[in-house]
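Everything below concerns the one structure shown next.
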Amino acid sequence: MAPGLRPLLALLPLLLLGARPADSAEVSYRINEESNLRATVGNIWKSLAGSGPVPAFSIVPKSAYFDIDADGNVRIGARIDREDPVACPGASESTPCVIEFNAFRGASSRILVRVTIDDINDNSPVFKEPHKILSIEEGDRNFRHPLDLATDADIGDNGMAVRGKYYLQEDAGGIFALAQTDPGFLSLTLNGQPNIDYEAERQYNLTLTACDGGMEQRCSSQLLIVQVKDRNDNSPNVTRISVREVSENLAIGGLVATIEAHDRDSGRNAELDFSITDPELARVFDIDRAGRVTLKKPLNAKKQAVYEVQLMVSDNGSPRRQTPAKFTVQVSDINDHAPSIEVSPMSATDVGQQPQQSNDILVAENKPSAILALIEAKDDDLGDNARVECQLASHDRKGFQLEGIGKGQYMLHLRTAFDYENSPAESVRINCQDFGRPPKNSTKSVLVRFRNVNEFQPRFDDVMPTRTSVEETPGDSSLPDNLGRTVLALVAEDRDRNDVMTFSLDDSPDAAFFEVANAASSYSESRGLTEARAELRIRSPIDRDTMPEAGGGLLKFGVRLVDTADASGVQHSASVSLTISIMDVNDNRPEILPPLVFRLREDSRPGSIALGWPGEAQQLASLDKDQGVNGQVFYRLLRLEARPTQGGPDSPPLVVFDKPEQWHFNVSEKGAILSTGKLDRETFELYTLTVLAYNKLARPQLNSTARISVELIDVNDNPPEWFFPAERGQFVNISSAHSLNEPVTSVEARDRDRLSNITYTLVGGSQYFSVDRITGQVRALRALVPGLHELSIRADDNVQYNHAVHTTLIVNVIQPSRAAGHLKDAQLNLTIIVSMVIATAVISVGLVFAIVCVRRRGSSGDSGISGHDDGGLGDMGDERGGFLAEEFDKEACQCQCSLPDMDIGPVSTDHHMYSHLCGGTAKFSDSGTAGFGQRLQQQQQQQQQLQHQHFAMTTFNHNDSTYDLRPAAPPPMPSMPPMMDQQLRNEVVINQQDLDGDSADSGRGGSEDDHGSHLLGGLRTSSQLHHHLHHHHHHLHAASSFSNGGGVLPAASSASATSAASAGSSSLSAAACHCAGIPEEENSSCAGGEADCPQQQQSFLPPPLPPHGVVEFHGGGTLSRQTLTRQQQPQQQRLNSFQGQQRIC
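Numbered per mature numbering (1 follows the signal peptide of the UniProt record, and there is no 0), the sequence shown spans residues -24 to -1, 1 to 1121.
The following block contains the structure:
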């Protein structure tokens, strides 16, 4: 700018003073850059010497770096860096950084605020590059090499231009020095006249340090590497610099200047290169090897009009020599920018907060002379090219006015009042033009919107109902989903134009069930008012059953209507009260409540009511939350089940009564559980009722089921029952050598009633035995005397209405025999050896012997015993029939016993042959012996007596295996109760004089001493034995035993039987036994009974006949006895088995 124009510019504010509003002023402040945010710059009110309350100031347009608080303090709002070209455009060493902004007090008083930003030492010097390589020729005593100056963004003392200094530090010390003849040039020279010898030192490392002149000095360093080379003694010489006039519209690549230079050297030492030393300028200009400077970046004269360009001309010699040069480029401005228009709506209480930098202006209707906005016109050109003038379009000047307030600044305000109803908005066009040649202009349109003032109060439509009804919506899936259903349409109106109205519900609990939806407002041109509509909807489930009865099922709440407040905060509202009646629906299922267990005595009469437990509720209780008939509950029995008291393994765990006529209980509609028949807890102890609870009168009907248990209370209506002894007079056989205080047997009674506590009492007492009161164990108190002991025992259940039962138990004490009845070990070993030798010899003739035996058996079958279809026994043989009288070895003896078969009939002569092998096999001859015939005759004569006798089943134990041999079982004795098919626990009859000290017990008691009965013979058992496990289900009846002499002692089942045995008139004397290999006198039966028979010390007990026929014993073992019934064996089978057993060896 020309110097003569500066005074005129200084007078420009005074010249424009007349165009400003009456009240305007200027204030100036100065701060340092990088000051703290929110720091106070100054107080405008104080700077203006104002008094009284501080008015409100506003910055228009809004400043990016400052704001004004309520006290009038100008505060820093953002970081300010003087070196930032955005904050301080054009600031330099000579040009200060000044930030200006307008502060308005109200709408008409303007204060221009100027803030000068002072520099601080916040930047360190910076070299172009961190290190630089220099060259020096050896022998060069005039060495001078230009160095790059450090740049500092700070100015004045804080920068390098005024007080900046350079320091040199070198390793060799004192060879080089710094020379600064001109402030803009720094050179490295030699210190004195040192001798630079390439061969002595090829490189010098120097450190160049630049420090600014600030109070807190900042320094930076650059490494200088000086390389010693052969000599290039001529530097380039700049002879001419031609700079052209440059305008800011110069195209990229346009020529700026021409540098002419030459070098007196030749060859590569004369080839020159040009470079711009300042990196910033190197981005704006470019220079080629010919010295032509061209433009690289567009120029803007307003931002920078002068460029000081420093060059370096270097040759290509070795070492390379450089010559600095500089030139100045002056950029001339052209009118290449059109004015820019900025609109800043004003902020005032009567118009509301305006959006900054917006073209839309909002102002209240009917407000003449209202200030609308600040209009600023800017131009990026210089001089007249930047001077701008603005005015309104001609058609807008009637209603609006544009008033200039400063350089390029105008105030836009209203001339007349605008009515919102007639004109809601107006568009204003602003035209601005600069003074360039040719001038450039810009146009901008501003939309002024007028805001309607809230003048009228909204109200609800008179036709809108305030009472309605709706069904409850409990959310049950069984009911229609009413959530979101519209209950009522809300209608309101407002005479204000386009006034948006809002519906809301009050905060009462009843209002929480509802919500307002689909609210909308619209202006009706025909009615000339704004209509608002909305829907009142169900928001959350409404359960009529949880509402208090006092409220009558009514929900009451209020609806509030509010219109939109205008800019002044004026707002109107209206309200209405609504009443919603909630209708109950059957949405709850009845629920049966505890108690779910009922009790009833088993002796209750039909029609008795079961009582709940715990407590004594007489009927079922239920809960239904519905109201009225929807909550009335009725009951019905659907299913009845019963649990048997005592069920066997095949009985079902539950019994289901399918037909109602089978039910023992029923349920009334009111929930009473009634018995319908006779009850017996011993049959069924627990009943399970599936009961239906339902709403009989409601629609829809809802129901639920529950399982009710009815327990029968036991009463003492059953006496105990004897389990053992099952019948009076049952026997227990023990040895007289039974240990004292050891259990003999146990009695047991059982009671079907639950609460019974059975105890046992020995009626009349006993000097030999005692009965445990609790366990029922019978124990021996003292040494036992052989004979029969009858015990009378009572069992009591010991509950209310006590029941007692009696029974008798007979303990048969047997005197053990003292004769030896065992085979010596030597005999046993000898028997094994002999058996093995005989077996080896027999194998060679086995086939021949087998053929002979088969033929003899067929012959004897025809001439001996023959079977009959009617069950009678055929001829036993001729008078010569019987056992062979040959001598047999004791080790191969055989015993056979024949008993009459009671199953055939009282007059039948059928006998069963019982064979006992002492080591060999049984043999039959074709003719009977005299002894056999005599026994047969005795058996036929005593047939009637044997009908009432019992015969023992013998158990043969061999090698830890048990086998049962079952004889025929005669009918029960007349003197005792029937015992068919009942298991007797202790029935063992021992021949007290002929058992060689043997005693055997069976059943629940008894004992066996150390002298067991053993069989003599080999080590094998006939395959005709049946294992005991296969016949454990047969029942026992009586006992009998046989001696080898035929003497028989019957089971002492009654006193009469015992006396008969003692007198020698026992019917069992008809039983005939014969042992082959034993002298005939030992085999003969005693016709006169036991009294006529001598004591047999070597007698043994032959086994009885099993149900399937005659059994042979081969080998040793032990005999014990159990009583079985004889009725389970077919007669013909026993006869055939007997006939098939005969053989002759």
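Even for Gly, the Cβ is constructed at its ideal location relative to N, Cα and C. Please read these numbers as outputs of a predicted model, since none were measured by experiment.
Less than 7 Å between C-beta atoms, sequence neighbours within five positions excluded: which residues of the same chain meet that for residue i?
| i | result |
| --- | --- |
| Ala369 | Arg405 and Asn407 |
| Leu505 | Glu469, Asp470 and Arg471 |
| Ile96 | Asn8, Glu9, Glu10 and Asn134 |
| Tyr499 | Arg473, Asn474 and Thr506 |
For residue i, report the span of its beta strand (DSSP E) as first-last.
| i | result |
| --- | --- |
| Ser85 | Ser85 to Asp94 |
| Thr737 | Thr735 to Val739 |
| Ala393 | Taken as a continuous stretch (DSSP letters only), Ala393 belongs to no beta strand (DSSP E), as it is neither H nor E. |
| Ser197 | Cys195 to Lys205 |
| Ala79 | Cys73 to Arg81 |
| Pro236 | Inspection of the sequence shows that residue 236 is occupied by Glu rather than by Pro. Glu236 -> beta strand (DSSP E) spans Leu231 to His238. |
| Ala702 | Careful: Ala702 lies outside any beta strand (DSSP E) and carries neither H nor E. |
| Gln409 | Ala401 to Asp410 |
| Ala1 | Ser(-1) to Asn8 |
| Ala771 | Gly763 to Asp772 |
| Pro321 | Ser316 to Pro321 |
| Gly653 | Taken as a continuous stretch (DSSP letters only), Gly653 belongs to no beta strand (DSSP E), as it is neither H nor E. |
| Thr659 | It is not in any beta strand (DSSP E) - Thr659 carries neither H nor E in the DSSP assignment. |
In whole angstroms, what is the alpha-carbon distance linking residue i and residue j?
| i | j | result |
| --- | --- | --- |
| Phe633 | Tyr663 | 11 Å |
| Val605 | Pro517 | 22 Å |
| Asn564 | Ala586 | 28 Å |
| Val824 | Ser715 | 57 Å |
| Pro315 | Val89 | 24 Å |
| Thr816 | Pro792 | 41 Å |
| Phe77 | Phe303 | 38 Å |
| Glu658 | Phe610 | 33 Å |
| Pro636 | Pro566 | 24 Å |
| Asn225 | Ser421 | 30 Å |
| Val561 | Ser399 | 57 Å |
| Glu284 | Asn12 | 35 Å |
| residue 1180 | Ala1 | Residue 1180 lies beyond the stretch modelled for the chain, which goes from -24 to 1121, so this question has no answer here. |
| Trp698 | Lys672 | 55 Å |
| Asp656 | Thr737 | 29 Å |
| Ile750 | Thr735 | 5 Å |
| Asp94 | Phe479 | 60 Å |
| Gln706 | Asp748 | 19 Å |
| Thr522 | Ala487 | 16 Å |
| Met440 | Val552 | 10 Å |
Since residue i sits in a beta bridge, which residues does DSSP pair it with?
| i | result |
| --- | --- |
| Thr449 | Ile518 |
| Asn19 | Asn49 |
| Ile310 | Note: Ile310 sits in no beta bridge, so no partner. |
| Ser551 | Arg536 |
| Leu688 | Leu576 |
| Val214 | Ala237 |
| Ala682 | Val667 |
| Val305 | Tyr283 |
| His782 | Arg770 |
What first and last residue would you give for the alpha helix (DSSP H) that runs through residue i?
| i | result |
| --- | --- |
| Pro255 | Pro255 to Ala258 |
Enumerate in chain order the residues of its own chain whose CB-to-CB distance from residue i is below 8 Å, with the five nearest sequence positions on each side excluded.
| i | result |
| --- | --- |
| Val429 | Ala340, Glu341, Asn342, Tyr396, Asp542, Ser544 and Val546 |
| Lys374 | Arg391 and Thr392 |
| Phe660 | Ala618, Arg619, Pro620, Thr621, Val631, His640 and Leu688 |
Is there at least one non-hydrogen atom of the ligand ADP closer than 7 Å to the beta-carbon of residue i?
| i | result |
| --- | --- |
| Ile819 | Looking for the ligand ADP in the displayed structure turns up nothing, as the structure carries no ligands at all. |
In chain order, what residues of the same chain have a beta carbon less than 6 Å from the beta carbon of residue i, not counting five sequence neighbours either side?
| i | result |
| --- | --- |
| Glu318 | Glu352 |
| Pro31 | Arg81 |
| Leu123 | Leu162 and Leu164 |
| Trp21 | Val30 and Gly48 |
Which ranges does the beta strand (DSSP E) cover as unbroken runs of at least 3 residues, wholly within the segment 91 to 120, from first to last along the chain? 107 to 113
Unbroken stretches of the beta strand (DSSP E), 3 residues or longer, contained in the segment 467 to 525: 477 to 481, 490 to 500 and 505 to 514
3 or more residues per run - each beta strand (DSSP E) lying fully within the segment 584 to 617: Within the segment 584 to 617, the complete beta strand (DSSP E) runs of at least 3 residues are 587 to 589 and 597 to 599.
Which runs of the beta strand (DSSP E), 3 residues or longer, sit entirely within the segment 109 to 181? 120 to 123, 141 to 146, 152 to 158 and 161 to 166
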